[in-house]
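*Asks:* Numbering (numbering that gives the first Met the number 0), first residue to last: 0 to 379. The beta-carbon is built from N, C-alpha and C at its ideal position, and this holds for glycine as well.
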Amino acid sequence: MNELTQRDKTIVRTSIIGILANVFLATFKAVVGLASNSIAIVMDAVNNLSDAASSVITIVGTKLAGKEADRKHPFGYGRIEYLSSMVISFLVLYAGITAFIESVNKIIKPETPDYTTVTLIIVSVAIVVKILLGRYVKSVGEKVNSDSLINSGEDATLDSVISASTLAAAGIYLIFGVSLEAWLGAVIAAVIIKSGIGMLQETLSKILGERADAQLVLDIKKTICSYPEISGAYDLVLHNYGPDSYNGSVHIEIPDYMTAVELDRLTRALTADVYDKHNVILTGVGVYAYNTKDPEFNEIRTRISEIVTSDPYVLQMHGFFIDIDRKFIRFDIVISFEAPDRRKVLQEAIEKVEKEFPGYTVQVAPDIDFSEIADPNNKQ
């Protein structure tokens, strides 16, 4: 809990810095924009205000997400951070749409800007401040895994580009006497809208549920397979309940002679190990027992693996078990999301094995590729 508390403090502190910087910039830009009759600078000021509001939402979202789990929400409130990121995305979209409408009105009814030396100096300073602020906020966001801060940092970097464009437009006007103010305002608004849509898509994707980070999956499997009794870790499913907050389940492959007491001791040890090393709570550990009694086991398993993985849509075979006396074969296959017909792939795999081993009852379970398949630490 101390780690999460420190994370929350870091996010809040960084957001407050963002609020102060954006309010400062918005105030000066608004004054300069109105004084010089520059729609682009005024729109830039509005964008700074939206950034400040985003930081406020980040603070509120972080505090709410830090609430302890309770009876109604036993997995905690961590996903509120994703909702706050979504609100920020809508706020950026609103700012962009409003700016675009205002810019179009200025294109229809143009006004001549009046730049001064002070105006150009303030815009130049704003560019430097936004570049530094954007880098700082984004780096902190990546460090503490906060989508809200990362979005705010990217938005600040985008603002520096917008301010630089405004400065370029002022230079063009002073040198050539051509005003691109309203058109630049429209371009700035379009960029803001595009940025808002991108943020929204990324946040919605996380709310829907994405594949877990490949490196995290491989690290967890490596930890599990470090136990000598375990020959493979499969079907690792991770459910995200906020940044760095995972619950999950996994299947382990163990020899068929292990007792219930030995298995209980093993699963308790590995769940504690996974939590300590990766901050992931394994709520379920399933078991695949591999046959140690039949001398033909390895030969048959290798042959069946060759048969089913000859289909390009079969990514992996695991959980293999055979009872030669009862004429029974059981295993799981992971079928690619690219397969046009997953049921057809499954049925063909069963038919191929039945043809190679007539008289056997073949039971095949189709698995979904929830996480990274490639795992050099699996011993099978």
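#1: Between which residues of its own chain and Phe296 is the CB-CB distance below 8 Å, once the five residues before and five after are set aside?
#2: Give me, in chain order, the residues of the same chain whose beta-carbon lies closer than 7 Å to that of Ala380; leave out the 5 immediate sequence neighbours on both sides.
#3: Can you tell me which of the three DSSP states Gly75 falls into?
#4: Name the one or two DSSP bridge partners that Ser248 has.
#5: Measure how close the beta-carbons of Val361 and Ile328 come, nearest whole angstrom, since I'm counting them as under 8 Å.
#6: Where DSSP assigns a beta bridge to Ala288, which residues make up the other side?
#7: I think Ile18 touches Ser54, with their Cβ atoms under 8 Å apart; what is that distance to the nearest whole Å?
#8: In terms of DSSP beta bridges, what is Ala364 paired with?
#9: With DSSP as the reference, label Phe319 as helix, strand or coil.
#10: Does chain B have any CB closer than 8 Å to the CB of Asp272?
#11: According to the Cβ coordinates, are Gly241 and Ala34 closer than 8 Å?
#12: Counting Cβ pairs closer than 8 Å, one from the stretch 159-174 and one from the stretch 182-194, do we hit at least three?
#13: Name the residue from Thr266, Ile367 and Glu337 whose alpha carbon lies nearest to the alpha carbon of Met316.
#14: Which stretch, first to last residue, makes up the alpha helix (DSSP H) that contains Tyr172?
#15: Got a sec? Which residues, its chain only, sit under 8 Å from Met85 by beta carbon, not counting five neighbours each side?
#16: Find out if the Cβ-Cβ distance for the pair His250, Asp275 is shorter than 8 Å.
#17: Do the CB positions of Val313 and Val344 come within less than 8 Å of each other?
#18: State buried or exposed for Val260, treating a residue as buried only when at least 16 other CB atoms are found within 10 Å of its CB.
#19: Quick one: complete alpha helix (DSSP H) runs, 4+ long, within the stretch 4-85?
#20: For Ser123, I'd like the list of residues in its chain whose CB is within less than 8 Å of its CB, leaving aside the five on either flank, ordered along the chain.
#21: The alpha helix (DSSP H) with Thr301 in it runs from where to where?
#22: Suppose you measure from the CA of Leu269 to the CA of Ser225; what does that come to, to the nearest Å?
#23: Please go through the same chain and pick out, in chain order, the residues whose beta-carbon is closer than 8 Å to the beta-carbon of Ile15, but skip the five residues on each side of it.
#24: Any idea what DSSP makes of Gly231, helix, strand or coil?
#25: Can you tell which of Ser162, Glu141 and Leu82 has the C-alpha that lies nearest to the C-alpha of Ala25?
#26: Looking only at its chain, what residues have a beta carbon closer than 6 Å to the beta carbon of Asn246, apart from the 5 residues adjacent to it on each side?
#27: Can you give the Cα-Cα distance for Lys221 and Gly208, rounded to whole angstroms?
#28: Based on Cα-Cα distance, which residue from Gly75, Lys129, Gly140 and Ile126 lies nearest to Thr9?
*Replies:* Looking at the coordinates:
#1: Tyr289, Asn290 and Ile321
#2: Limits of the chain in this structure are 0 at one end and 379 at the other, which puts residue 380 out of reach.
#3: coil
#4: Val236 and Gly283
#5: 5 Å
#6: Ile253
#7: 5 Å
#8: Asp331
#9: strand
#10: The structure shown contains no chain B; it holds only a single protein chain.
#11: no
#12: yes
#13: Ile367
#14: Asp146 to Phe175
#15: Leu199, Thr202, Leu203 and Ile206
#16: no
#17: yes
#18: exposed
#19: 38-64
#20: Leu166
#21: Phe296 to Val307
#22: 9 Å
#23: Ser54 and Ile58
#24: strand
#25: Ser162
#26: His238, Ile280 and Thr282
#27: 24 Å
#28: Gly140
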